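Chains as they are written, first to last, in this note's numbering: chain E, 18 to 343; chain U, 229 to 581; chain G, 2 to 231. This report concerns only the one structure given below.
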Amino acid sequence: MLMWTKVIIIAAAVTVLIIAASLAYFRYFTKTRLLVSTTTSLYETGLLNATERAFEAKYSIDLGFLPVGTGQAIQQAQGGNVDALLVHSPSNETQFLQEGDGVCRKIIAYNFFTIVGPRSDPAGINGMDAMGAFKKIVDYGRNHTGRMWVSRGDSSGTHTKEKSLWAKAGYSYTQISMESWYASAGSGMSATLNMANEFGSYTLSDIGTYLKLSKDGTISLVAFITETKELLNVYSVIAVNQTRHPNVNFTNAITFIKFLISDECQQLIDNYGKSEYGQSLFRSAVQLLMQNSTSQIVQWIKDYAFINGTECPSEYRDNRYPELYN
Amino acid sequence: MSFAAELRNVTKNFDGITALDGVNLKIQAGEIMALLGPNGSGKTTLLKILAFIEKPSKGEVHFLGEKVTEKNFENMRMESTMVFQKTILFSTTVYNNVAYGLGMRKTSKNRIDEEVSKVLRLVKLDGFEKRNAKKLSGGEQQRVALARALTLNTKLLLLDEPTANLDPKTASIVEEVIATTNRELKTTIVMATHNMFQAKNLPHRIALIKDGKIGEVGPPTETFRNLSKTLASFAALENTFNGTAKVTENGITSVDIGNGLQIETTLQQSGTVSVFVSPEDIILSKNRFDSSARNIYKGKIIEISDLGSLVRLKVDVGKPFAVQITKRSFNEMALNLNTEVFLTFKASSVQII
Amino acid sequence: MEILDGLIKALQLIFSGDPRILEITLRSLFVSGSATVIAALWGIPIATILGLKNFRGRFLVKTIFNSLIGIPTVALGFFLFLIFSREKGPLGFLGLLYTPTAIIIGEAILVAPIIVSLAASAIEAVDPEIANLAKTLGASEAQASFAVLREALDGIFLAGIASFNRAIGELGVAVFVGGFIAGVTELLTTGIKLEIDSNNIDVAIALAIILLTLVFGINLALNLIQRRKK
């Protein structure tokens with residue numbers, strides 16, 4: 018059996034060699050790492066790529082995004098597999114902070130969701146407000162055959178928003194989602210929009226993805242309702258709590274947050290997509306909130322995305338970085 | 229005289245079958261011993277045990293004066309080699325095949341080159357070094373296998389039916405090589421054979437084997453005389469049959485070999501005899517034809533072996549006869565298994581052994 | 002029209018040597034290549050035992066490996082994700098999650114059954130007397146096994162290629178243990194998915210073309226080599 022001993026030794030040695038070499042290369046040549054889990058809609062618009070380039074030009078940190086959808090993103094953060102969270106679901110974010118997994122939340126940007134649908138507008142929602150539009154879509158769907166609504170159907174921020182809108186309009190989500198006119202895509206935003214385009218149905222989309230696909234000519238849906246209070250979409254960043262998850266890259270996460278709220282990045286956010294799509298896909302939020310004006314949009318953001326009257330309650334702040342909150 | 233190898237009470241079992249049963253055999257150094265026996269008698273197993281690629285289930289093997297144990301088992305292989313009945317070659321060149329064993333013995337490259345060309349010349353395959361071994365004809369392949377074994381110059385050489393599938397020309401080259409190797413290098417050779425001429429002319433001694441047991445052992449002439457019956461009943465040799473001879477008129481002896489077959493021979497003998505007809509003396513035809521030959525039998529082809537330019541057939545005329553015809557004749561006559569044919573041979577071709 | 006458009010843009014991307022596409026391709030080759038090598042290092046010895054030795058339970062072991070060939074990549078990927086999870090997984094402390102290394106390990110596990118099964122078959126198909134032949138020419142057990150392996154080399158080679166194809170074309174493992182972090186763990190397959198999600202059809206098509214070309218090209222080259230040998 019001496020030969021078999023030799024064989025096992027060789028196999029084990031080479032395996033360890035390859036693994037160690039690839040790990041070493043990965044760890045050594047890539048500078049310190051920062052992993053941020055985030056939503057697919059942020060990623061699909063390409064904003065994160067732009068942000069990454071700007072960030073890496075300034076800091077020697079290897080920034081990586083894990084675009085898995087809000088629900089998954091939060092789970093990854095809870096498992097300590099990522100260093101920071103960049104999502105758009107205030108209710109879930111609140112729970113995340115309350116369970117002690119995150120600190121230092123900062124609201125960095127906002128835009129609006131939009132209810133889009135076929136040009137012919139069979140349900141006649143044009144000109145209505147969000148709630149009215151929903152009621153019309155339900156009525157139309159119940160009285161005609163075919164699919165009238167496509168939902169994300171995953172646990173994304175967009176899906177969470179959709180569910181809250183149904184509730185606000187007075188419908189039971191569990192019941193409605195079973196009805197024959199209601200389709201569930203179970204996919205990312207692009208796929209969902211494509212599906213709605215195919216079916217000639219309505220759907221809820223973030224403005225960024227919608228504009229991108231519309232400009233590319235992929236879809237011919239029209240954005241009927243947007244920029245209302247109910248359709249507000251707020252993006253926040255949260256660092257994973259180092260006390261609870263000691264292995265995360267906390268200092269780099271803070272650096273990332275600081276970058277996001279910096280003037281440079283906020284300007285990048287404001288300008289993103291302007292030339293290509295004729296309008297920005299995202300609006301910066303930091304300056305707006307700092308000035309604390311009485312404008313309508315600030316009020317809306319406070320109502321929707323603040324927790325106990327602030328973007329980050331003091332018990333979830335890290336005292337070492339007071340400069341994050343003025 | 230010292231013994232090259234000795235089997236003491238060797239028994240070998242496989243999956244409930246006893247291949248060898250209490251075999252005692254002494255092989256003298258420098259002799260050629262022929263093993264004669266029917267198929268399934270244990271010849272191949274015995275050779276494999278002597279080649280040290282099988283271990284006995286019971287009993288002892290002694291080799292070159294030493295007892296073979298677990299410890300020295302693999303080392304013994306270096307001084308004993310076997311050529312299998314069905315030729316096996318490595319998927320590579322003739323050179324690499326022949327050189328394989330030399331490589332195992334850590335021979336230098338120059339020396340290997342020398343030895344390979346020497347042995348290829350011996351088996352009349354000069355210049356075949358670079359050829360793809362698997363693409364050669366049957367006869368050439370067998371010679372490569374033989375060369376591969378010979379080049380190792382082991383003390384013991386084991387051959388399992390070395391010329392069974394060869395055309396006569398190649399067969400005689402091989403027999404020549406066997407004789408030369410034994411004579412000049414004093415290699416001890418044990419060979420299993422079915423061939424009458426080989427059994428008579430090549431070996432110093434013959435050992436009969438049946439059902440895993442060794443019967444008579446002795447020099448060919450003695451053995452043949454004493455045991456012609458046994459040999460025939462063994463079906464140990466081709467075209468050899470037992471029968472009762474009766475002298476009839478005109479100097480012809482008629483031998484009843486059973487199943488209604490009466491062989492006519494010019495030799496005078498009576499009583500129990502063993503007769504033999506060489507395959508080359510038998511004429512095969514599809515129709516009965518008139519001739520001076522006294523032995524004409526009808527039968528069916530039961531076996532066909534392609535030897536390249538020749539085809540060897542077994543025809544059952546009541547007893548199986550081995551016959552040889554040219555490939556051309558085979559194709560012209562459009563022969564197949566179960567084709568009905570006629571065998572014709574002269575009374576003077578029949579030998580009594 | 003969009004597909005044709007995408008196709009043209011894709012070819013432009015490929016031939017202009019777009020660095021991102023190059024990086025993704027090289028990483029895919031390295032990851033799947035390493036996985037195949039590791040799987041072969043462990044798989045061929047196992048296949049040799051399965052092919053040569055007749056032991057009790059051999060049939061059972063062969064059947065297990067054969068059925069493992071079809072393991073759904075998402076199942077394996079998810080299972081490995083749980084194991085490598087930084088805090089809850091038993092191997093989390095290794096910090097392998099979301100690294101190319103994790104993908105290498107995952108894909109190696111994925112293709113190992115392929116190598117074992119195919120190589121074992123190739124070895125079984127070798128004339129059993131080859132081992133005896135080698136021994137009678139002076140080989141030890143080990144050397145005789147090598148002789149058998151050498152005769153089965155064609156089949157073993159094929160096993161390696163089949164494994165590489167499976168590794169480079171799989172998605173489930175790469176997604177779960179690699180994430181598809183751009184510039185870090187993005188592979189051809191996850192890249193295609195990501196780009197389609199982001200509606201960058203031209204990049205997706207480019208990656209798909211490369212993947213198909215690689216797989217087809219490698220197979221073609223190998224078949225040619227085999228033919229020339231015969």
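Note that beta-carbon positions come from the ideal geometry of N, C-alpha and C, so glycine has one too. Note that the coordinates shown come from a computational prediction; the quantities given were computed from them, not determined experimentally.
Using beta-carbon positions only, say whether residue 248 of chain U and residue 265 of chain U come within less than 8 Å of one another.
-> Position 20 of the second sequence holds residue 248 of chain U. Position 37 of the second sequence holds residue 265 of chain U. No, they are not a contact pair.
Could you check what DSSP says for residue 310 of chain U in three-state terms: helix, strand or coil?
-> If you number the second sequence from 1, residue 310 of chain U lands on position 82. In the structure shown, residue 310 of chain U sits in a strand (DSSP, three-state: E or B).
Under 8 Å between C-beta atoms, does residue 148 of chain G make it to chain U?
-> Numbered from its first residue, the third sequence carries residue 148 of chain G at position 147. Yes - at least one Cβ of chain U is within 8 Å of the one on residue 148 of chain G.
If you scan the stretch 398-477 of chain U from start to end, which runs of the beta strand (DSSP E) of 3 or more residues do you find wholly inside it?
-> 416-420, 433-438, 441-446, 468-475
Proximal residues of chain E, C-beta to C-beta of residue 101 of chain G below 7 Å | Sequence index remark: in the third sequence, residue 101 of chain G carries index 100 (1-based). Neighbours of residue 101 of chain G on chain E, chain order: 39, 43.
For residue 234 of chain U, three-class secondary structure by DSSP = Within the second sequence, the letter at position 6 stands for residue 234 of chain U. Residue 234 of chain U falls in the strand class under three-state DSSP.
Residues in its own chain within less than 7 Å of residue 262 of chain E by CB, not counting five upstream and five downstream?
-> Along the first sequence, read from residue 1 onward, the residue named residue 262 of chain E stands at position 245. Result list for residue 262 of chain E: 97, in chain order.
Can you list, in chain order, the residues of the stretch 250-264 of chain E whose Cβ is nearer than 7 Å to any Cβ on chain G?
-> For the stretch 250-264 of chain E, which is checked against every Cβ of chain G, the residues closer than 7 Å are 262, 264.
If you run the structure through DSSP and keep just helix, strand and coil, what is residue 481 of chain U?
-> Translated into positions along the second sequence, residue 481 of chain U becomes position 253. Strand.
Give a yes or no on whether 8 Å exceeds the smallest Cβ distance from residue 82 of chain E to chain G.
-> Locating residue 82 of chain E in the first sequence gives position 65, counting from the first residue. With 8 Å as the cut-off, residue 82 of chain E counts as an interface residue toward chain G.
Quick one: grab the DSSP three-state call for residue 326 of chain U.
-> If you number the second sequence from 1, residue 326 of chain U lands on position 98. Three-state result, residue 326 of chain U: helix.
If we call anything under 8 Å between Cβ atoms a contact, is residue 230 of chain E one with residue 220 of chain E?
-> Residue 230 of chain E sits at position 213 when you count from the first residue of the first sequence. Residue 220 of chain E sits at position 203 when you count from the first residue of the first sequence. Cβ atoms of residue 230 of chain E and residue 220 of chain E: not closer than 8 Å.
Determine the DSSP secondary structure at residue 247 of chain U, reduced to helix, strand or coil.
-> Here residue 247 of chain U refers to the residue found at position 19 when the second sequence is read from its first residue. Residue state, collapsed to three classes: strand.
Any beta-carbon of chain G closer than 8 Å to the one on residue 227 of chain E?
-> Your numbering for residue 227 of chain E matches position 210 in the first sequence. Cβ-Cβ to chain G under 8 Å: no for residue 227 of chain E.
Residue 255 of chain E versus residue 289 of chain E - alpha carbon distance = Indexing the first sequence from 1 puts residue 255 of chain E at position 238. Indexing the first sequence from 1 puts residue 289 of chain E at position 272. Going from the Cα of residue 255 of chain E to the Cα of residue 289 of chain E covers about 22 Å.
Quick one: Cα of residue 187 of chain G to Cα of residue 59 of chain E, how far?
-> As a first step, residue 187 of chain G must be located in the third sequence, where it is residue number 186. As a first step, residue 59 of chain E must be located in the first sequence, where it is residue number 42. Rounded to whole angstroms, residue 187 of chain G to residue 59 of chain E spans 18 Å at the Cα level.
Exposure label - residue 78 of chain G; buried when at least 16 CB within 10 Å = Counted from its first residue, the third sequence places residue 78 of chain G at position 77. Residue 78 of chain G should be labelled buried.
Quick one: grab the DSSP three-state call for residue 121 of chain E.
-> As a first step, residue 121 of chain E must be located in the first sequence, where it is residue number 104. Residue state, collapsed to three classes: strand.
Give the residues of chain E in contact with residue 122 of chain G, contact being defined as C-beta atoms less than 9 Å apart.
-> Against the third sequence, residue 122 of chain G aligns to sequence position 121. The premise fails here: residue 122 of chain G is roughly 20 Å from chain E at the closest Cβ pair, so nothing lies under 9 Å.
Residue from U:550, U:328, U:392, U:373 with nearest C-alpha to residue 385 of chain U = Reading the second sequence from its first residue, position 157 is the one you call residue 385 of chain U. The shortest Cα separation from residue 385 of chain U among U:550, U:328, U:392, U:373 belongs to U:373.
Give the interface partners of residue 207 of chain E over in chain G, defined as CB-CB distance under 9 Å, in chain order.
-> Looking up residue 207 of chain E in the first sequence gives position 190. By Cβ distance, chain G contributes 197, 198, 199, 200.
Would you mind giving the Cβ-Cβ distance between residue 100 of chain G and residue 173 of chain G, rounded to the nearest angstrom? I have them listed as a contact below 8 Å.
-> Numbered from its first residue, the third sequence carries residue 100 of chain G at position 99. Numbered from its first residue, the third sequence carries residue 173 of chain G at position 172. Actually they are not in contact, since the Cβ atoms of residue 100 of chain G and residue 173 of chain G sit about 17 Å apart, beyond 8 Å.
Are there 16 or more other CB atoms within 10 angstroms of the CB of residue 118 of chain E, so buried, or fewer, so exposed?
-> Counting from 1 along the first sequence, the entry for residue 118 of chain E is found at position 101. Residue 118 of chain E is buried by the Cβ-count criterion.
Check the Cβ of residue 89 of chain G against every Cβ in chain E and list those closer than 8 Å, keeping chain order.
-> Here the question's residue 89 of chain G lines up with position 88 in the third sequence. Those are 96, listed as they occur along chain E.
DSSP-derived helix/strand/coil call for residue 43 of chain E | Reading the first sequence from its first residue, position 26 is the one you call residue 43 of chain E. In the structure shown, residue 43 of chain E sits in a helix (DSSP, three-state: H, G or I).
Cβ-based contacts, 8 Å cut-off: residues of the stretch 298-317 of chain U near chain G = Those would be 302, 305, 306, 308, 309, 310, 312, 314, 316, in chain order.
Would you list, in chain order, the members of the stretch 279-295 of chain U that have their beta-carbon closer than 9 Å to a beta-carbon of chain G?
-> 279, 280, 281, 282
For residue 329 of chain U, decide whether its Cβ has a neighbour in chain G, counting only Cβ atoms nearer than 8 Å.
-> Position 101 of the second sequence, counted from the first residue, corresponds to residue 329 of chain U. Closer than 8 Å: yes.
Residue 54 of chain E: which of E:207, E:94, E:75 sits nearest, CA to CA?
-> Here the question's residue 54 of chain E lines up with position 37 in the first sequence. Closest by alpha carbon: E:94.
Cβ-based contacts, 8 Å cut-off: residues of the stretch 320-340 of chain E near chain B | Included in the structure are the protein chains E, U and G, with no chain B among them.
Given a limit of 8 Å on CB to CB distance, which residues of the stretch 73-86 of chain G reach chain E?
-> 86
Whose CA, out of U:291, U:493, U:370, lies closest to the CA of residue 383 of chain U?
-> Your numbering for residue 383 of chain U matches position 155 in the second sequence. It is U:291 whose Cα lies nearest to the Cα of residue 383 of chain U.
Please confirm if the stretch 99-106 of chain E is in contact with the stretch 166-178 of chain E, defined as three or more CB-CB distances below 8 Å between the two stretches.
-> Flag = yes, the stretch 99-106 of chain E and the stretch 166-178 of chain E touch.
Cβ-based burial, residue 388 of chain U [other Cβ within 10 Å; buried from 16] = Numbered from 1 along the second sequence, position 160 holds the residue referred to as residue 388 of chain U. The C-beta of residue 388 of chain U has 16 or more other C-beta atoms within 10 Å across all chains shown, which makes the residue buried.
Range of the contiguous beta strand (DSSP E) that encloses residue 55 of chain E = Taking the first residue of the first sequence as 1, we reach residue 55 of chain E at position 38. Start and end: 49-55.
Limits of the alpha helix (DSSP H) - the one that residue 319 of chain E falls within | The count along the first sequence starts at 1 and reaches residue 319 of chain E at position 302. If you look at residue 319 of chain E, you'll find it in the alpha helix (DSSP H) that goes 313-322.
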